[in-house]
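Enquirer: Please read through the structure below; I'll follow up with questions.
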Amino acid sequence: MDLLYLFQGIGTLCVQEPKIVIGRIALVLIGMALVFLGAKKTLEPLVMIPMGFGMSAVNAGMLFFDANKVGNLLIDPLVTETTALMTILQIDAFQPIYTFAFSNNLIACIVFMGIGVISDLSYLMAFPFTSMLIAICAELGTIVTYPIAVAMGLTPGQAAAAAIVGGADGPLVLFSSLMLAPELFVPITVIAYLYLSLCYGGYPFLIRLLVPKELRGMKVKTTTKVNVTSQEKLIFSVVACTVLCFLLPAAAPLLLSFFLGIAIRESGVTSYINMIESTFLYAATFFLGLMLGILCDANTILNPTILPLLILGVIALGVSGIGGIIGGYIVYFINHRQFNPTIGIAGVSCVPSTAKIAQHEVAAVKKSTIIIQFAMGASICGVLTSAILTGIYITVIPMLK
Amino acid sequence: MQSISLALQIYGLSFIIAFLVAVMIKGLLFSIRHFSRDTSEKQ
Numbered sequence: 001m002d003l004l005y006l007f008q009g010i011g012t013l014c015v016q017e018p019k020i021v022i023g024r025i026a027l028v029l030i031g032m033a034l035v036f037l038g039a040k041k042t043l044e045p046l047v048m049i050p051m052g053f054g055m056s057a058v059n060a061g062m063l064f065f066d067a068n069k070v071g072n073l074l075i076d077p078l079v080t081e082t083t084a085l086m087t088i089l090q091i092d093a094f095q096p097i098y099t100f101a102f103s104n105n106l107i108a109c110i111v112f113m114g115i116g117v118i119s120d121l122s123y124l125m126a127f128p129f130t131s132m133l134i135a136i137c138a139e140l141g142t143i144v145t146y147p148i149a150v151a152m153g154l155t156p157g158q159a160a161a162a163a164i165v166g167g168a169d170g171p172l173v174l175f176s177s178l179m180l181a182p183e184l185f186v187p188i189t190v191i192a193y194l195y196l197s198l199c200y201g202g203y204p205f206l207i208r209l210l211v212p213k214e215l216r217g218m219k220v221k222t223t224t225k226v227n228v229t230s231q232e233k234l235i236f237s238v239v240a241c242t243v244l245c246f247l248l249p250a251a252a253p254l255l256l257s258f259f260l261g262i263a264i265r266e267s268g269v270t271s272y273i274n275m276i277e278s279t280f281l282y283a284a285t286f287f288l289g290l291m292l293g294i295l296c297d298a299n300t301i302l303n304p305t306i307l308p309l310l311i312l313g314v315i316a317l318g319v320s321g322i323g324g325i326i327g328g329y330i331v332y333f334i335n336h337r338q339f340n341p342t343i344g345i346a347g348v349s350c351v352p353s354t355a356k357i358a359q360h361e362v363a364a365v366k367k368s369t370i371i372i373q374f375a376m377g378a379s380i381c382g383v384l385t386s387a388i389l390t391g392i393y394i395t396v397i398p399m400l401k
Numbered sequence: 001m002q003s004i005s006l007a008l009q010i011y012g013l014s015f016i017i018a019f020l021v022a023v024m025i026k027g028l029l030f031s032i033r034h035f036s037r038d039t040s041e042k043q
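Read top to bottom, the protein sequences are chains A and B.
Note that our numbering has the first sequence beginning at 1, numbered continuously upward.
Note that our numbering has the second sequence beginning at 1, numbered continuously upward.
Right, here's the structure in full:
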């Protein structure tokens, strides 16, 4: 009996190109590392643990199909033909989740609805100009990365999808890459989620580098009272959703999901809130992580554009972080030095991670300083500005063709 | 050069929309509070 044919996961390693073999082994090890780092909470565990498992399993579980073709029984991300899809749906175990929830952006919309349910608009509505100014400055990476990506040889669609990593919002990256560069959505989305997970480690250094210790510990002095009622937030969510859908219909699914989440939170329907927050959001995040991992098979991920994407991801998130802190400084000077510029980092979105990072860095200097509420306002505003920019990119880029 | 110009235009447009959303928030809050005060005064 041919042992290599019996144990096909190993057998396929012997017939594939050396580049793919090295890629598969590396991805198995990276998958294991992601699970370990997720469990240790160095990386975001909610996404990284299922993603790591999926990544290891898909690269280990390769087998021979007809005519020595190598594949797996988990998923085929690139199938487009209807008849082939019907066959594959019956063979590949996770294909139905991918086809009916992932590739049509349903998961992105559910995660966005969940973000809406956990978002409190009080500080955004009490300080709309401050929050918007910080959030729009924190989109700098999204703008700077686009021409750099084009100069590196990416098509406008691919460049825009890579640039949206700077918006620091996973569902938006998934949504835009599927719309603008479906051929690259796997590497772009995987890189985006990996880098977003690394924000926990990188942004504190950026804050310490750009904001002096005496400014980091300062309290925000304001005379404005934050007394926004649930009714006011509910009305805003309906009006803003309608107006933004009129302006940017390309981003309507995401806008609807986000504002619907907010409306459900503010309407106080506990059963809906629990259903979306406890069930939908966690289920969608789990399957999102798992799908991202399963999509990381060596044949798909070893795309020649992966290196530029790795560089562009760092540029996008780094420049957005710097832009956010610049926004924090602008508000600091406008408010006669009564504002903590550290809050600027929260404008990068990535709710609630960046707001927590800002609070952590401030508390490390002065424990009694609480800025989390202002940071959450800027962070939620970051989600909105990222959605606006994504909507503009998705509308404008196809016009260039 | 064309891509830089496009990126700047997109940034400008998003800045305007974000500013409009901020104005809309202020306008909505003002109207809601104004009309709810009117209603409570009449009662």
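Glycine included, every Cβ here is placed at the ideal spot set by N, Cα and C.
It should be emphasised that the depicted structure is a prediction, and the values quoted were computed from it without experimental measurement.
Can we say the segment 256-263 of chain A touches the segment 100-117 of chain A, given the rule of at least three CB pairs closer than 8 Å?
Expert: yes
Enquirer: With H, G and I counted as helix, E and B as strand and the rest as coil, what does DSSP make of Phe280(A)?
Expert: On the first sequence, residue 280(A) is found 280 positions in, with the first residue counted as 1. The answer is helix: DSSP assigns Phe280(A) an H, G or I state.
Enquirer: Taking Cβ-Cβ distances shorter than 7 Å, what residues in chain B pair up with Met132(A)?
Expert: If you number the first sequence from 1, residue 132(A) lands on position 132. Residues of chain B passing the Cβ test: Ala18, Phe19, Val21, Ala22.
Enquirer: May I ask you to list, following chain order, the residues of the segment 217-244 of chain A that have a beta carbon less than 8 Å from some beta carbon of chain E?
Expert: Although the question refers to chain E, the structure presented lacks it and instead comprises the protein chains A and B.
Enquirer: Indicate the three-state DSSP secondary structure (helix, strand or coil) for Gly116(A) in the structure shown.
Expert: For the purposes of this step, residue 116(A) is taken as the residue at position 116 of the first sequence. DSSP places Gly116(A) in helix when its eight states are reduced to three.
Enquirer: Does the distance from the C-beta atom of Pro77(A) to that of Leu295(A) stay below 8 Å?
Expert: Along the first sequence, read from residue 1 onward, the residue named residue 77(A) stands at position 77. Along the first sequence, read from residue 1 onward, the residue named residue 295(A) stands at position 295. Yes; because the gap between Cβ atoms is below 8 Å, this pair is in contact.
Enquirer: List the DSSP bridge partners of Phe64(A).
Expert: Translated into the one-based positions of the first sequence, residue 64(A) becomes position 64. Phe64(A) pairs with Val70(A).
Enquirer: At a CB-CB cut-off below 9 Å, which residues of chain B make contact with Leu247(A)?
Expert: For the purposes of this step, residue 247(A) is taken as the residue at position 247 of the first sequence. Those within 9 Å of Leu247(A) in chain B are Ile17, Leu20.
Enquirer: Tell me which residues share the same chain as Lys213(A) and place their Cβ nearer than 6 Å to its Cβ, disregarding the 5 neighbours each side in the sequence.
Expert: One-based indexing of the first sequence puts residue 213(A) at position 213. Val365.
Enquirer: What residues of chain B sit near Glu139(A), judged by a beta carbon separation below 8 Å?
Expert: Taking the first residue of the first sequence as position 1, residue 139(A) is located at position 139. Near Glu139(A) (Cβ distances below 8 Å), the residues of chain B are Tyr11, Ser14.
Enquirer: Residues in its own chain within less than 8 Å of Gln373(A) by CB, not counting five upstream and five downstream?
Expert: In the first sequence, counting from the first residue as 1, residue 373(A) sits at position 373. Hits under 8 Å: Ser122, Tyr123, Val226.
Enquirer: Comparing the C-beta of Leu27(A) with each C-beta of chain B, is any distance below 8 Å?
Expert: Counting from one through the first sequence, the residue named residue 27(A) turns up at place 27. Not one chain B Cβ lies under 8 Å of Leu27(A).
Enquirer: Residues in its own chain within less than 7 Å of Ala263(A) by CB, not counting five upstream and five downstream?
Expert: For the purposes of this step, residue 263(A) is taken as residue 263 along the first sequence, with counting starting at 1. Closer than 7 Å at Cβ, skipping near neighbours: Leu234, Ser237, Val238.
Enquirer: If you draw a straight line from the alpha carbon of Gly313(A) to that of Leu384(A), how long is it in whole angstroms?
Expert: Here residue 313(A) refers to the residue found at position 313 when the first sequence is read from its first residue. Here residue 384(A) refers to the residue found at position 384 when the first sequence is read from its first residue. Computed Cα separation, rounded: 20 Å.
Enquirer: Would you call the segment 275-290 of chain A and the segment 197-210 of chain A in contact, with 3 or more CB pairs under 8 Å?
Expert: no
Enquirer: Fully enclosed by the segment 85-169 of chain A, which alpha helix (DSSP H) runs are 4 residues long or longer?
Expert: 106-118, 122-126, 128-137, 140-151, 156-163
Enquirer: Span of the alpha helix (DSSP H) holding Leu254(A)?
Expert: Position 254 of the first sequence, counting from 1, holds the residue named residue 254(A). Residue range 252-267 is occupied by the alpha helix (DSSP H) that includes Leu254(A).
Enquirer: How would you write the range of the alpha helix (DSSP H) that Cys381(A) sits in, first residue to last?
Expert: As a first step, residue 381(A) must be located in the first sequence, where it is residue number 381. Per DSSP, Cys381(A) belongs to the alpha helix (DSSP H) from 372-400.
Enquirer: Per DSSP, what kind of secondary structure is Glu44(A) in: helix, strand or coil?
Expert: For the purposes of this step, residue 44(A) is taken as residue 44 along the first sequence, with counting starting at 1. Coil at Glu44(A), not helix or strand.
Enquirer: Whole angstroms is fine: what's the gap from Ile403(A)'s alpha carbon to Met62(A)'s?
Expert: The shown model of chain A, from 1 to 401, leaves out residue 403(A), and the question about it has no answer.
Enquirer: If I follow the unbroken alpha helix (DSSP H) through Val28(A), where does it start and stop?
Expert: Here residue 28(A) corresponds to residue number 28 of the first sequence, with the count starting at 1. Annotation: the continuous alpha helix (DSSP H) that includes Val28(A) extends over 18-39.
Enquirer: Please determine, among Thr189(A), Ser368(A), Gly391(A), the residue with the shortest C-alpha to C-alpha distance to Lys219(A).
Expert: Numbered from 1 along the first sequence, position 219 holds the residue referred to as residue 219(A). Residue Ser368(A) is the option with its Cα nearest to Lys219(A).
Enquirer: Please return the same chain residues whose Cβ sits closer than 7 Å to the Cβ of Met179(A), not counting the five positions on each side in sequence.
Expert: If you number the first sequence from 1, residue 179(A) lands on position 179. Answer for Met179(A): Ile394, listed in chain order.
Enquirer: Anything in chain B within Cβ reach of Met125(A), meaning under 8 Å, just list it in chain order.
Expert: The residue given as residue 125(A) occupies position 125 in the first sequence. For Met125(A), the residues of chain B that pass the 8 Å Cβ criterion are Ile25, Leu29, in the order they occur in the chain.
Enquirer: Mark Ala93(A) as exposed unless 16 or more other C-beta atoms lie within 10 angstroms of its C-beta, in which case mark it buried.
Expert: By one-based count along the first sequence, residue 93(A) stands at place 93. With fewer than 16 Cβ atoms within 10 Å of its Cβ, Ala93(A) is classed as exposed.
Enquirer: Tell me whether the segment 124-138 of chain A and the segment 292-310 of chain A touch, counting them as touching only if at least three CB pairs, one residue from each stretch, are closer than 8 Å.
Expert: Flag = no, the segment 124-138 of chain A and the segment 292-310 of chain A do not touch.
Enquirer: Closer than 8 Å is the cut-off here; do at least three beta carbon pairs connect the segment 162-178 of chain A with the segment 344-362 of chain A?
Expert: yes
Enquirer: Within the 8 Å Cβ cut-off, does Pro128(A) reach chain B?
Expert: Start at 1 with the first residue of the first sequence, and residue 128(A) comes out as number 128. By this cut-off, Pro128(A) is an interface position.
Enquirer: Just how far apart, CA to CA, sit Ala355(A) and Thr342(A)?
Expert: As a working note, residue 355(A) is residue 355 in the first sequence. As a working note, residue 342(A) is residue 342 in the first sequence. Straight-line Cα distance between these residues: approximately 10 Å.
Enquirer: Helix, strand or coil for Thr354(A)? Go by DSSP, reduced to three states.
Expert: Sequence index remark: in the first sequence, residue 354(A) carries index 354 (1-based). Looking at Thr354(A) - three-state DSSP - the assignment turns out to be helix.
Enquirer: Can you tell me whether DSSP reads His336(A) as helix, strand or coil?
Expert: The count along the first sequence starts at 1 and reaches residue 336(A) at position 336. Three-state DSSP puts His336(A) in coil, outside helix and strand.
Enquirer: Find the nearest neighbour of Leu6(B) within the set Met152(A), Ile311(A), Tyr146(A), judged by alpha-carbon distance.
Expert: Counting from 1 along the second sequence, the entry for residue 6(B) is found at position 6. Taking only the C-alpha atoms, the option nearest Leu6(B) is Tyr146(A).
Enquirer: Is it the case that the Cβ atoms of Val165(A) and Pro156(A) are separated by a distance below 8 Å?
Expert: Within the first sequence, numbered from 1, the residue matching residue 165(A) stands at position 165. Within the first sequence, numbered from 1, the residue matching residue 156(A) stands at position 156. Not closer than 8 Å, so no.
Enquirer: Compare the C-beta of Ala135(A) against all C-beta atoms of chain B and say whether one is closer than 8 Å.
Expert: Sequence index remark: in the first sequence, residue 135(A) carries index 135 (1-based). Ala135(A) counts as touching chain B.
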